[in-house]
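Remarks on the structure that follows.
Number of protein chains: 4
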Amino acid sequence: MENDNTLRRLKTVEGHLRGVIRMVEEDSYCIDVIRQIQAVEAALNKVSSMILEDHLNSCVITAIQGDDQKERERVLKEITEVFEMSTKV
Amino acid sequence: MENDNTLRRLKTVEGHLRGVIRMVEEDSYCIDVIRQIQAVEAALNKVSSMILEDHLNSCVITAIQGDDQKERERVLKEITEVFEMSTKV
Amino acid sequence: MENDNTLRRLKTVEGHLRGVIRMVEEDSYCIDVIRQIQAVEAALNKVSSMILEDHLNSCVITAIQGDDQKERERVLKEITEVFEMSTKV
Amino acid sequence: MENDNTLRRLKTVEGHLRGVIRMVEEDSYCIDVIRQIQAVEAALNKVSSMILEDHLNSCVITAIQGDDQKERERVLKEITEVFEMSTKV
Numbered sequence: 001m002e003n004d005n006t007l008r009r010l011k012t013v014e015g016h017l018r019g020v021i022r023m024v025e026e027d028s029y030c031i032d033v034i035r036q037i038q039a040v041e042a043a044l045n046k047v048s049s050m051i052l053e054d055h056l057n058s059c060v061i062t063a064i065q066g067d068d069q070k071e072r073e074r075v076l077k078e079i080t081e082v083f084e085m086s087t088k089v
Numbered sequence: 101m102e103n104d105n106t107l108r109r110l111k112t113v114e115g116h117l118r119g120v121i122r123m124v125e126e127d128s129y130c131i132d133v134i135r136q137i138q139a140v141e142a143a144l145n146k147v148s149s150m151i152l153e154d155h156l157n158s159c160v161i162t163a164i165q166g167d168d169q170k171e172r173e174r175v176l177k178e179i180t181e182v183f184e185m186s187t188k189v
Numbered sequence: 201m202e203n204d205n206t207l208r209r210l211k212t213v214e215g216h217l218r219g220v221i222r223m224v225e226e227d228s229y230c231i232d233v234i235r236q237i238q239a240v241e242a243a244l245n246k247v248s249s250m251i252l253e254d255h256l257n258s259c260v261i262t263a264i265q266g267d268d269q270k271e272r273e274r275v276l277k278e279i280t281e282v283f284e285m286s287t288k289v
Numbered sequence: 301m302e303n304d305n306t307l308r309r310l311k312t313v314e315g316h317l318r319g320v321i322r323m324v325e326e327d328s329y330c331i332d333v334i335r336q337i338q339a340v341e342a343a344l345n346k347v348s349s350m351i352l353e354d355h356l357n358s359c360v361i362t363a364i365q366g367d368d369q370k371e372r373e374r375v376l377k378e379i380t381e382v383f384e385m386s387t388k389v
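Taken in order, these protein sequences are the chains called A, B, C and D.
Per the working numbering, the first sequence runs over residues 1 to 89.
Per the working numbering, the second sequence runs over residues 101 to 189.
Per the working numbering, the third sequence runs over residues 201 to 289.
Per the working numbering, the fourth sequence runs over residues 301 to 389.
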């Protein structure tokens, strides 16, 4: 995984989320809080996509070019699973 | 693509959607219409996941085991793209 | 419900979905099919939002300005429910 | 807003997110990280729904029962907007 970029983005999201917590503590307007939560989720979606891209270009290529059929199937199954879950969150 | 199963499901979704149209024509309760639209979307998500699974187990394996690096990159890029889009619809 | 606009949009979506079915029958490229399904879902989301908007400006106002507390609670509960479901499809 | 419950949940999500950051620092398996990010998003969706529910049962009722038509329209417009955005994140 390209750790540095992913880490940097996740820490930005953490700061964003802490800002949301502060908004709630300060009794901010509900709709503004919901909008910021949605912005946090959009940022998390972006991080997930980047991690998946790295994963496809490393582990998945290795598994598919390798000799272990079980491993190949496992790796591809996981991608379908996270795709399916992504339509639900 | 495992056409038969995909086709059958998509035709079921089409019937479901036609039912939604009838509901609107008959002036059904708004919230019931929204719920049925959400059910149609959940069914479409399921179809997308199935198509992706077939795609991974055919085209993607072929591309990754093949010699064409450009093609390999293209195929993996597409998966990240549909994943990213799936978080947006 | 503003039936005409909603109906017109839903029939456009139906045509779009029929196009997706044709793509599968003609054995189109998997990723292109997934992208079109995602476009159908985005269009359905738009229709849901429009129906909700009409609903808020009619039934919800009536219920909240009315004397029936139970009805008021029911109507507001439904909105939370479709919102929560919208994050899952 | 029912601050206490919302705050508690958001702080739990913050802890969860910090766990995800640790996973990336420790070079955890990509798919496991994506799954945890999706769990964080599901938790955030739940918080948004709860905030919306409180909002409907307070500000929205007040606005709709009040005399200010502009305010009423504003409040209802916002709900459609967060609903529409919720289908995109």
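In this text, a Cβ means the ideal position worked out from N, Cα and C, and glycines have one as well.
In terms of Cβ geometry, L276(C) and N357(D) form a close pair [threshold 9 Å]. Between E25(A) and L307(D) a beta carbon distance of about 7 Å is seen, short of the 8 Å cut, so the two are scored as contacting. The DSSP-derived three-state label of V389(D) is coil. Annotation for D154(B): the continuous alpha helix (DSSP H) segment containing it runs C130 to H155.
Our two residues, A139(B) and E241(C), have alpha carbons roughly 11 Å apart in a direct line.
The DSSP-derived three-state label of E125(B) is helix. When the five nearest sequence neighbours on each side are left out, the beta carbons in the same chain lying within less than 8 Å of the beta carbon of L310(D) are those of V347, in order along the chain.
Measuring C-alpha to C-alpha distances from S228(C) to each of C159(B), E181(B) and K170(B) identifies C159(B) as the nearest. The criterion of a C-beta distance shorter than 9 Å is not satisfied by R272(C) and V182(B). Across the structure, D67(A) and Q165(B) are spaced so that their CA atoms are roughly 11 Å apart.
Setting aside the 5 residues that flank it on each side, T312(D) is surrounded in the same chain by A343, each with a C-beta closer than 8 Å to its C-beta; the list follows chain order.
Using a Cβ distance threshold of 9 Å, V289(C) and N145(B) count as a contacting pair. Under a criterion of Cβ atoms nearer than 8 Å, no residue of chain A is adjacent to Q138(B); the nearest Cβ is some 12 Å distant. Here the alpha carbons of R222(C) and D32(A) stand approximately 43 Å from one another. Using a 10 angstroms sphere on the CB of T362(D), the tally of other CB atoms stays under 16, which defines it as exposed. Taken atom to atom, the span from the alpha-carbon of H155(B) to that of S386(D) is near 29 Å. With respect to the 9 Å criterion, E114(B) and E214(C) are classified as neighbours on the basis of their beta carbons. Straight-line measurement puts the Cα of D4(A) at about 32 Å from the Cα of Q69(A).
In terms of beta-carbon proximity, K88(A) lines the interface with chain C, with at least one pair separated by less than 9 Å.
At a cut-off of 9 Å between beta carbons, E173(B) makes no contact with chain C. Secondary structure at D4(A): helix, using DSSP grouped into helix, strand and coil. Nearest CB-CB separation between K270(C) and chain D: not below the 9 Å threshold. Residues of the region 217-235 of chain C with a C-beta less than 9 Å from any C-beta of chain B: L217, R218, V220, I221, V224, E225, D227, S228, Y229, C230, I231, V233, I234 and R235, listed in chain order. Using a Cβ-Cβ cut-off of 9 Å, T380(D) counts as an interface residue toward chain C, since at least one Cβ of chain C sits closer than that to its own. In the structure shown, G266(C) falls within a coil segment according to DSSP collapsed to helix, strand and coil.
Interface annotation, L176(B): not in contact with chain C, CB-CB separation never under 9 Å. The beta carbon of I179(B) sits closer than 6 Å to no other beta carbon from its chain once the five residues preceding and following it are set aside.
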